[in-house]
Amino acid sequence: MPLKPITVSQLNEYIDRVLQMDPLLSSVRVKGETSRVNYNASGHVYFSLIDQDSQIRCFLPRDAVPSIPFQLEAGMALILTGSVSVYRKGGSYSLRVETIEREGEGALQMAFEALKRKLDQEGLFAEEAKKPLPVFPRKVGVITSGTGAAVRDILKNIAARNQCCDVTVYPVPVQGQGAAEKIAAMIDLVNRRFPETDVLIVGRGGGSPEDLQAFNEEVVARAVFRSKIPVISAVGHAIDHTICDMAADVSAETPTKAGVRAVPDTQILSAQVEDLKAALLRELQGRLDFFRMRTDALRTSLLTQLRAKETAARSEIDRLRLTLEYKDPRKILAQGYTILTGPDGRVIPEAAQAAPGDGYQILFRDGKADANLTRVLLRSGEGIAPAPQTGSHSENEPRRTAEGPDHETGGRA
Amino acid sequence: MTPKTEKFEDALKALQEAADKIKDPATSLEDAIACYEEGMKHYEACRKILDTASQKITTFEEGETEE
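Quick look at the structure:
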C-alpha cells in the first residue's frame with residue numbers, strides 16, 4: 038500500500054526537526070573560504086562558505102555582526118561555528134553563524150607564542166643584551182621596503198630633526214614568500230659591509246597580521262639579535278608587537294617614531310651646547326669678577342696702610358727736623374757768636390778743656406780762623422785766674438767765644 | 011670613510027664636564043681658566059659638527075650585494 042502523501046511544508050518541517058535534533062549539526066565547526074558576501078540592507082549578512090567541491094549557504098544574523106572584528110570579503114579563509122537549519126520557504130538549508138575566526142590565525146598565534154617562548158629562553162629579548170643607541174649617529178641604515186609610506190616617514194622625520202647624519206636605505210621585500218630571509222640577510226650584509234653604520238632601523242608600515250608575518254620569523258629575530266649595529270625595530274602600528282620588536286635594542290611604535298628615536302634633534306643639541314658655553318663664560322666671568330674685587334680690595338687696603346705709614350714717617354721726620362733746626366749751631370754763629378774747636382777738631386765748650394797752644398780753630402758765621410791760645414783763664418768765684426797749664430802758648434788776640442762775651446777764654450799777649 | 015676629528019658625543023661630554031667643573035667652588039682660578047679654554051675647544055668642535063649639515067640620503071643598490 039502506497040504511503041500517504043504529505044505536503045511540501047510537512048516535509049521541510051520534518052527535515053528541520055531532524056536536523057535540529059542532531060547533536061552534531063546543532064553545533065558545528067566548519068572551515069572554508071567565503072564567497073558571494075552580501076551585507077543585506079536588513080543588517081543580516083549572507084554569504085557562502087566553499088571548498089574545492091562544495092558550498093554551503095551561511096547566514097550571520099544582524100545582532101551577531103558587531104562581534105566580528107573584521108569586514109567579511111570574498112576569499113577569506115574562515116572557521117565558522119553555528120547550527121544547521123532549514124529555510125522552509127526555500128527548501129534549502131544553511132549555516133546559522135555564531136562565531137567566526139580567521140583560519141590560520143590561531144595557528145599563527147600558537148606558533149608566535151611558541152617562538153616567543155623559545156627565543157626568550159635563549160635570551161634574545163634580555164634587557165642586558167640590548168645595546169644603547171648612539172647619542173649622535175653619523176650614519177643611519179634603514180632596512181625596509183624601498184617604496185611605501187614607512188621609508189618616506191622615516192626619512193622625513195630624520196631630515197626634520199637632523200641634517201648631520203647620512204642615511205642609507207637598504208630596500209627589502211617586507212612581506213610575502215622569502216621576505217624574512219631577505220630582511221635577515223640584509224641585516225647581516227650591513228653589519229659585514231658597512232660596519233661603520235651607527236644605527237639600523239628595521240621595519241615596515243602597518244598591515245594585516247599576515248603582512249607583518251616576516252617580522253615574526255625566527256630568522257629575522259636572530260639576525261637582529263646578532264647585529265653588532267644597534268637595531269631599532271619599527272613594525273606596523275603601536276598595537277603590533279612582533280618578535281622582531283622584542284629582539285631589537287629599541288622597539289619604536291611606528292616607523293615615524295623610529296626616525297625620531299634614531300637621531301637627536303640638532304636644534305635641541307645646538308641649544309644645549311650654547312647653554313653650556315654660556316655657563317662656562319658666566320662661571321669664569323663670575324670667578325674673575327670675584328678675584329678682581331678681592332685684589333682691588335687688597336690693593337686699596339695696602340695703599341691705605343702704606344699712606345698711613347708714610348704720613349707717620351713724614352711727621353716724625355718733621356719733628357726731628359724741627360729739633361735739629363732748633364739746635365742748629367749756625368743759628369748761634371748768625372747771631373755773632375763763634376765756636377772754638379780744638380786740635381782734634383772737637384768743640385771746646387769750656388775754658389777748662391782749653392790749653393794754650395796751636396791747632397785751634399775759630400768758626401765764624403762766614404768763615405774760620407786758625408788760632409793759637411796763649412793763656413787760659415778760669416773763672417773761680419768772682420775773679421779770673423790762669424788755668425794750670427802745661428805746654429807752651431803763643432800770643433792770642435782776645436776773642437769772644439761760644440761761651441759768650443762775658444767769658445774770657447782767650448788771653449792777652 | 012672620512013676621518014672624524016672628534017666624535018660629537020665625546021665633545022659634548024667633555025664640554026659638559028668642563029661646565030660642571032668650572033661651577034665647582036673647589037676649582038681654583040687657574041683651573042677655571044684652563045677649564046674654560048678646554049670647554050671652549052669642545053664647544054667649537056660641537057658647533058662645527060652641528061653647523062656642517064651635509065646629509066646624504068642614498069639607496070643601496072641591489073647589485074652591491076654581490077661579494
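Which chain is which? The protein sequence lines are A and B, in order.
Per my numbering, the first sequence runs over residues 38 to 450.
Per my numbering, the second sequence runs over residues 11 to 77.
All residues carry an ideal CB built from backbone N, CA and C; glycine is no exception.
Note that this is a predicted model, so its numbers are computed, not measured.
Query	Result
Does chain A have any CB closer than 8 angstroms to the CB of F70 of chain B?	yes
According to the neighbour-count rule (16 or more other Cβ atoms, all chains shown, within 10 Å of its Cβ), is L359 of chain A buried or exposed?	exposed
Kindly list, in the order they appear in chain B, the residues whose Cβ is closer than 9 angstroms to that of S307 of chain A.	C56, R57, L60 and D61
Give a yes or no on whether 8 angstroms exceeds the smallest Cβ distance from A42 of chain B to chain A.	yes
Is it true that the stretch 227-246 of chain A meets the stretch 112-123 of chain A, where meeting means three or more beta-carbon pairs spaced less than 8 angstroms apart?	no
Using DSSP with H/G/I as helix, E/B as strand and the rest coil, what is S46 of chain A?	helix
Kindly provide the ranges of any beta strand (DSSP E) runs that are 3 or more residues long and lie completely inside the stretch 195-252 of chain A, ordered along the chain.	203-208 and 236-241
Work out the CA separation of I224 of chain A and P208 of chain A for me, nearest whole Å.	11 angstroms
With 8 angstroms as the threshold, decide whether the Cβ of E200 of chain A is near any Cβ in chain B.	Position check: residue 200 of chain A holds Gln in this sequence, whereas Glu was assumed. Q200 of chain A counts as touching chain B.
Alpha carbon to alpha carbon, how far is S429 of chain A from P393 of chain A?	Residue confidence for S429 of chain A is low, a pLDDT of 43 falling below 50, so the modelled location carries little weight and cannot support an answer.
Curious, which full-length alpha helix (DSSP H) runs of at least 4 residues does the stretch 254-335 of chain A contain?	255-263, 280-284 and 292-299
With the cut-off set at 8 angstroms, would you say R125 of chain A and S46 of chain A are in Cβ contact?	yes
Can you tell me which of the three DSSP states V188 of chain A falls into?	helix
Name, please, each residue of chain B whose Cβ falls closer than 7 angstroms to the Cβ of R324 of chain A.	L39 and A42
Taking 8 angstroms as the CB-CB cut-off, is E16 of chain B touching chain A?	no
Which one of A:L415, A:R402, A:A391 and A:F401 has the shortest CA to CA distance from Q409 of chain A?	In the sequence as displayed, the identity of residue 409 of chain A is Asn instead of Gln. Ranking A:L415, A:R402, A:A391 and A:F401 by Cα distance to N409 of chain A puts A:A391 first.
Please look up how many angstroms separate the CB atoms of L317 of chain A and I43 of chain B, rounded, as I've assumed it's under 8 angstroms.	Wrong, their Cβ atoms sit about 11 angstroms apart, outside the cutoff.
Can A260 of chain A and A221 of chain A be called in contact, C-beta distance under 8 angstroms?	yes
Output the distance between the C-alpha atoms of T291 of chain A and F328 of chain A, rounded to the nearest integer angstrom.	55 angstroms
Over the uninterrupted alpha helix (DSSP H) stretch that includes L39 of chain B, give me the two end residues.	L39 to D61
Could you check if D286 of chain A is buried or exposed, using at least 16 other CB atoms within 10 Å of its CB as the buried criterion?	buried
Where does G215 of chain A land, buried or exposed, given buried means 16+ other C-beta within 10 angstroms?	exposed
So which residues of chain A does K66 of chain B contact, with C-beta pairs closer than 8 angstroms?	D203 and V204
Against chain B, with Cβ distances strictly below 8 angstroms, would T136 of chain A count as a contact?	no
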